[in-house]
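Read top to bottom, the protein sequences are chains Z and V.
Read in order, the letters of the first sequence correspond to residues -4 to 151 in my numbering.
Read in order, the letters of the second sequence correspond to residues -4 to 151 in my numbering.
Heads up, the beta-carbon is just placed ideally off N, CA and C, and yes, glycines get one too.
The model shown is predicted, which means the values in this text are computed figures rather than measured ones.
Read the structure below first, then the notes.
There are 2 protein chains.
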Amino acid sequence: MNMGEGVEWGLHCCVTLGWLDGEGPVPIRSLAAWYDLPQEYLKKRLQALARAGILASAPGARGGFMLARPPERITLMDVVTALEGGAEAFRCDEIRQRGLGAEGGGFDRPCGIARAMRRAELAWRRELAAQTIADLMADNPANGTRTRKNYVRLRD
Amino acid sequence: MNMGEGVEWGLHCCVTLGWLDGEGPVPIRSLAAWYDLPQEYLKKRLQALARAGILASAPGARGGFMLARPPERITLMDVVTALEGGAEAFRCDEIRQRGLGAEGGGFDRPCGIARAMRRAELAWRRELAAQTIADLMADNPANGTRTRKNYVRLRD
């Protein structure tokens, strides 16, 4: 069970865009250079975040990406769902209702296995939904100082 | 983020082998027919559970699989780890330390993003570790009755 590398990219970019609030749209090439990431792949991830209403994008030569709403209102769950989809990781094909073991029926209750797996995933989602980009920013203010300093040098 | 279909197969087989405790080794062909699953694929999953010490296998014409320890001592986490590996789903490549954004350093603390993602995965793992195959069996005793009845007919 693996998430794509885009989750790390997306979360870091959201935090960086949070720090750079007030700098205007941050060009995709700057974000790619920031983390030494392949620009075209990163672009796809940021476009997915824009489609989910997490980032806003500005077109044109001076265009780029910025947060579409305050970092207090972007949870880690929002970012993960935008990049990985909202489907449950556990796949239930209702095999209990197939084959010889199913004879005699009695499947009106939801499967206990699916419920147990769902309960665990909900615990994971709850934890992700309880943490915001603002929490990540507050966790390490020195990062914000360094980010702004480096960005000014990159831009100039 | 997806688990393989083998997780549903493995969990159902463990519960079924829990119900069939006392029947001796259950042949792989019976388990495959039980859930209408492809025998060779199922075999690979059950062998992974055996390597993890969850199932025991008996060779020969009357051989098959059985639980290697009491169902109270097999957690959902054990089964998921045996089938999906124990690696974290979130992949952290420490991109924060790469590229222009990293200038100025200050990376002695673990990354807040990796810690936040880990916290969420721990909540998921805790929930899986708190539930056993015995809990799943106790959740639906009627299933046990049907399973034993169907198995006797299949065997005879």
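Along the length of the stretch 35 to 99 of chain Z, whole alpha helix (DSSP H) runs at least 4 residues long occupy 71 to 79, reported in chain order.
Straight across, the Cα-Cα distance linking Pro20(V) with Ala53(V) is about 7 Å.
For the stretch 84 to 98 of chain Z, the beta-carbon criterion of a distance under 7 Å to any beta-carbon of chain V is satisfied by Ala84, Phe85, Arg86, Cys87, Asp88, Ile90, Arg91, Arg93, Gly94, Leu95, Gly96 and Glu98. The beta carbon of Arg120(V) lies closer than 7 Å to those of Met72 in the same chain, with the five residues before and after it left out. Ala84(Z) and Phe85(V) have their C-alpha atoms spaced approximately 13 Å apart. Within 10 angstroms of the beta-carbon of Phe102(V) lie fewer than 16 other beta-carbons, which makes it exposed. The criterion of a C-beta distance shorter than 7 Å is not satisfied by Ile49(V) and Ile23(V). Just measuring C-alpha positions, the residue of Glu98(Z), Asn135(Z) and Ala45(Z) sitting nearest Asn145(V) is Glu98(Z). In chain order, Glu83, Phe85 and Cys87 place their CB closer than 8 Å to the CB of Met112(Z), counting only its own chain and leaving out the 5 sequence neighbours on each side. Of all alpha-carbon atoms in Lys38(V), Cys106(V), Gln34(V) and Arg143(V), the one lying nearest the alpha-carbon of Leu12(V) is that of Arg143(V). Taking the beta carbon of Gln126(Z) as reference, the chain V residues within 7 Å of it are Ala111, listed in sequence order. Ala137(V) reaches chain Z at Gly101, counting residues in chain order whose Cβ is nearer than 8 Å.
Contact between the stretch 34 to 51 of chain Z and the stretch 126 to 135 of chain V is absent, with fewer than three C-beta pairs closer than 8 Å.
Ranked by Cα distance from Arg104(Z), the first of Arg104(V), Asp134(V) and Leu78(V) is Asp134(V).
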